[in-house]
Amino acid sequence: MSDLGKELLNLRVKLGLSLREAKEKTGLSHNYIRKLELGFDPSTKTPIEPSVETLKKISLGYGISFDKLMQLANYSSSIEKNEVIATKVPIYKTLHDMKSKKETNDFRLYKQELVSKNAILVEVSNPSLSKFNSNSLLLLEPYEDSFKGELVLLTTDSKIIIGHINLFNDKELQLKPIDSESTVTIKKDLIMIWKIVEVIQLIS
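Right, here's the structure in full:
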């Protein structure tokens, strides 16, 4: 269990909240809150690294200092002598390069408190995707907890889909692709999900 996980569990117990009551306080799902407390996803054994946005929700819901949460999550929110601490976010030229994690030396700088260390940027230029009919740069964060209507990018063994979430549960995800009127349902264990945080239009 991570330092952040211990703090969140102790605080929830101190507040006398069940996981479902904590869900109402923070707006996060009870499953994700439990993963944060454990410090990892029990199904994949991968560490859970909350975004700054998630920490803000917890801070407001639990009434705990945001700066303390940032420190426990190993973010640096302090700016000394007007020096901004920046994070290099890698840029992938194609969705295929992103999926294969091809090595890249191209990057953009973001304030460290605005992105997680796992954030990536990927260029999209596909005429079939009306929302991205010109060159676009997508800022992506690994999936944490998604809500209905949220715009996400997901990858399977055979394809990449961009769309809005219609339904999400522990076993499957239902998505409405932005280039289609129909919905698709995919088992969660067959996909990797990225939240689209920002769409940057590039000059062709």
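For what it's worth, UniProt numbering labels the leading residue of the sequence shown as 1, then goes sequentially.
Positions of the beta carbon are idealized from the N, C-alpha and C atoms, including for glycine.
From the DSSP output, in three-state form, read off residue 68 for me. Locating residue 68 in the sequence shown gives position 68, where the first residue counts as 1. Note: residue 68 maps to helix in three-state DSSP.
Residues in the same chain with beta-carbon distance under 6 Å from residue 183, minus the five sequence neighbours each way, listed in chain order, please. Along the sequence shown, read from residue 1 onward, the residue named residue 183 stands at position 183. The residues are 166, 174, 176.
To the nearest angstrom, how far is it from the Cα of residue 180 to the Cα of residue 169? Within the sequence shown, the letter at position 180 stands for residue 180. Within the sequence shown, the letter at position 169 stands for residue 169. Between residue 180 and residue 169, the alpha-carbon positions lie close to 22 Å from each other.
Nearest to residue 98 (by Cα), restricted to the options 148, 196, 123, 112: As a first step, residue 98 must be located in the sequence shown, where it is residue number 98. Among 148, 196, 123, 112, the Cα nearest to that of residue 98 belongs to 123.
What residue range does the beta strand (DSSP E) around residue 207 cover? With the chain represented from 1 up to 204, any question about residue 207 goes unanswered, as that position is not in the structure.
Among 50, 121, 157, whose alpha-carbon lies nearest the alpha-carbon of residue 103? Taking the first residue of the sequence shown as position 1, residue 103 is located at position 103. Of the listed residues, the one whose Cα sits closest to residue 103 is 121.
Please state whether DSSP places residue 198 in a helix, a strand or coil. Indexing the sequence shown from 1 puts residue 198 at position 198. If DSSP states are grouped into helix, strand and coil, residue 198 belongs with the strands.
Look at the alpha carbon of residue 194 and the alpha carbon of residue 33, and state the distance between them as a whole number of angstroms. The sequence position of residue 194 within the sequence shown is 194, counting from 1. The sequence position of residue 33 within the sequence shown is 33, counting from 1. Each residue's alpha carbon lies about 19 Å from the other.
Where does residue 187 land, buried or exposed, given buried means 16+ other C-beta within 10 angstroms? Mapped onto the sequence shown, residue 187 falls at position 187. Counting Cβ neighbours within 10 Å, residue 187 comes out exposed, since fewer than 16 surround it.
So, helix, strand or coil for residue 115, using DSSP? Along the sequence shown, one-based indexing puts residue 115 at 115. Coil, per DSSP.
Chain-order list of residues whose beta-carbon lies under 6 Å from that of residue 185 (same chain, five-residue window excluded): Position 185 of the sequence shown, counted from the first residue, corresponds to residue 185. Excluding positions up to five away in sequence, the list reads 172, 174.
Rounded to whole angstroms, what is the Cα-Cα separation between residue 198 and residue 62? As a position in the sequence shown, residue 198 is number 198, starting the count at 1. As a position in the sequence shown, residue 62 is number 62, starting the count at 1. Each residue's alpha carbon lies about 28 Å from the other.
Is the Cβ-Cβ distance between residue 21 and residue 116 less than 8 Å? Within the sequence shown, the letter at position 21 stands for residue 21. Within the sequence shown, the letter at position 116 stands for residue 116. Their beta carbons are not under 8 Å apart, which means residue 21 does not touch residue 116 by this criterion.
Residue 37 lies in the beta strand (DSSP E); which residues open and close that run? For the purposes of this step, residue 37 is identified with residue 37 of the sequence shown, where counting begins at 1. For residue 37, no beta strand (DSSP E) segment is defined; the enclosing uninterrupted segment is the alpha helix (DSSP H) at 30 to 38.
Could you tell me the distance, in whole angstroms, from the CA atom of residue 111 to the CA atom of residue 119? The count along the sequence shown starts at 1 and reaches residue 111 at position 111. The count along the sequence shown starts at 1 and reaches residue 119 at position 119. Approximately 12 Å between the Cα atoms of the pair.
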